[in-house]
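Asker: Residue numbers (the numbering used here), protein chains in the order written: chain A, 425 to 590; chain W, -14 to 155.
For glycine and all other residues, C-beta sits at the position ideal for the given N, C-alpha and C.
Remember, it's a predicted structure, so these values are computed and weren't measured experimentally.
Just dropping this structure here.
Structure follows, in structure tokens:
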């Protein structure tokens, strides 16, 4: 018996218990909205900025969302979801400890778009478009990283987290 | 008992719904920063000066210590390959065009040494073109270039010029 059937049975039992304890008959309506479970999965692409030659002057490395990472959100059609994400820190600690070189940090500032066009801010609500029986939303993530003038060399890694909620 | 069932039902229902109403995913971000590789002439030159044509063969020599000094800068402890023109042709073509006389060529044979990360002429080692050498812990390598020019007995007079090229790569 799946979880939604279990809920339905429990609701019916609850309603029956309450009804049996009253001196007279009462009637009312019970209602529940069953939502399609919300999920987010990884699509194509990645957030690898590649090999960058350090120069004497600071500069920004930019990854266009079109060339970045795709995330696919699935849930209840025509229902809005709130998208949440934040900046991420990268460091070269692992590489630095292996080579004995100087360690350093970088900050990744994400650029999130809906279907490669509309820009999305963290905390913004977006409606899931109907796609067959489910609602769907495609998010494309790119971003920028500032390289300082005396930035230590090495392999920098970090983790970007994106969340969605009804 | 009925109240406990009711509370349990509410808690169970709430927990089930909450677990399906939000979802998150994480993805790795990566970037590789590499120091650029550069080479620059620090001091010196490959000018052998003015030589009197004496009608017989001569060989002019310039010790690398008094030739051109190059500084290579890159990622510390990383190997770089060094390629250079072992033999360079010098020509008096421009002089000949302006002043007449005879056109001639000379051959310059390079003599290249390295002193690792030492900027002074310490423990020089000859290197052949194509050799790979590891940069110092500071990411430095010093190359010194001298060489020889052979002059034939009937060498036309004039200003002879040519280009010596040295290339480095990771």
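(1) Do we get a CB-CB distance below 9 Å when we pair residue 517/A with the residues of chain W?
(2) If we count Cβ pairs, one from each stretch, closer than 8 Å, do we get three or more for the region 567 to 579 of chain A versus the region 473 to 492 of chain A?
(3) When you compare the CB of residue 585/A with every CB in chain W, is at least one pair closer than 9 Å?
(4) For residue 573/A, which of helix, strand or coil comes out of DSSP?
(5) Whose C-alpha, out of 108/W, 25/W, 21/W and 95/W, is nearest the C-alpha of residue 573/A?
(6) Using a Cβ-Cβ distance under 9 Å, would residue 15/W count as near chain A?
(7) Which chain W residues sit within Cβ distance under 8 Å of residue 575/A?
(8) For chain A, find out if any of its Cβ atoms is closer than 9 Å to the Cβ of residue 62/W; answer yes or no.
(9) Which residues, in order along the region 50 to 61 of chain W, keep a beta-carbon less than 7 Å from a beta-carbon of chain A?
(10) Can a CB atom of chain W be found closer than 9 Å to the CB of residue 497/A?
(11) How far does the alpha helix (DSSP H) with residue 523/A in it extend, from its first residue to its last?
(12) What residue from 56/W, 138/W, 98/W and 70/W has the CA that sits closest to residue 147/W's CA?
(13) Are the Cβ atoms of residue 494/A and residue 512/A separated by less than 9 Å?
(14) Mapping the DSSP letters down to three states, classify residue 534/A as helix, strand or coil.
(15) Please name the residues in the region 465 to 477 of chain A whose beta-carbon is closer than 9 Å to at least one beta-carbon of chain W, in chain order.
(16) I'd like to know whether the C-beta of residue 75/W is nearer than 9 Å to at least one C-beta of chain A.
(17) Any Cβ of chain W within less than 9 Å of the Cβ of residue 578/A?
(18) For the region 573 to 582 of chain A against the region 497 to 511 of chain A, do three or more pairs of beta-carbon atoms, one drawn from each stretch, fall closer than 8 Å, so that the two count as touching?
(19) Of all Cβ atoms in chain W, is any one closer than 9 Å to the Cβ of residue 453/A?
(20) By the 10 Å Cβ neighbour count, where 16 or more other Cβ atoms means buried, how is residue 150/W classified, buried or exposed?
Answerer: Looking at the atomic coordinates:
(1) The sequence position of residue 517/A within the first chain is 93, counting from 1. No, no contact with chain W.
(2) In short, these stretches touch, since the Cβ pair count reaches three.
(3) Position 161 of the first chain, counted from the start, is the residue given in the question as residue 585/A. Output row for residue 585/A: interface = yes.
(4) Against the first chain, residue 573/A aligns to sequence position 149. Secondary structure of residue 573/A (DSSP, three-state): coil.
(5) Translated into the one-based positions of the first chain, residue 573/A becomes position 149. Checked all of 108/W, 25/W, 21/W and 95/W; the closest Cα to residue 573/A is 21/W.
(6) Here residue 15/W corresponds to residue number 30 of the second chain, with the count starting at 1. Interface residue, yes.
(7) Translated into positions along the first chain, residue 575/A becomes position 151. Under the 8 Å cutoff, chain W gives 18.
(8) Position 77 of the second chain, counted from the first residue, corresponds to residue 62/W. For residue 62/W, the answer is yes, since a Cβ of chain A falls inside 9 Å of its Cβ.
(9) Within the region 50 to 61 of chain W, the residues whose Cβ lies closer than 7 Å to some Cβ of chain A are 60 and 61, listed in chain order.
(10) Indexing the first chain from 1 puts residue 497/A at position 73. Taking 9 Å as the threshold, the shortest C-beta distance from residue 497/A to chain W falls below it.
(11) Numbered from its first residue, the first chain carries residue 523/A at position 99. Per DSSP, residue 523/A belongs to the alpha helix (DSSP H) from 517 to 523.
(12) Stepping through the second chain from its first residue, residue 147/W is reached at position 162. It is 70/W whose Cα lies nearest to the Cα of residue 147/W.
(13) Here residue 494/A is taken as the residue at index 70 of the first chain, counted from 1. Here residue 512/A is taken as the residue at index 88 of the first chain, counted from 1. No, the pair does not count as a contact, with Cβ atoms beyond the cut-off.
(14) Sequence index remark: in the first chain, residue 534/A carries index 110 (1-based). For residue 534/A, the secondary structure class from DSSP, reduced to helix, strand or coil, is strand.
(15) Answer set for the region 465 to 477 of chain A: 465, 466, 470, 471, 472, 473, 474, 475, 476 and 477.
(16) If you number the second chain from 1, residue 75/W lands on position 90. So no, residue 75/W is outside the interface.
(17) If you number the first chain from 1, residue 578/A lands on position 154. Interface residue, yes.
(18) No contact exists between the region 573 to 582 of chain A and the region 497 to 511 of chain A.
(19) What you label residue 453/A is simply residue 29 of the first chain in a count that begins at 1. Taking Cβ atoms only, chain W never reaches closer than 9 Å to residue 453/A, which makes this a no.
(20) Start at 1 with the first residue of the second chain, and residue 150/W comes out as number 165. Exposed, by the Cβ-count rule.
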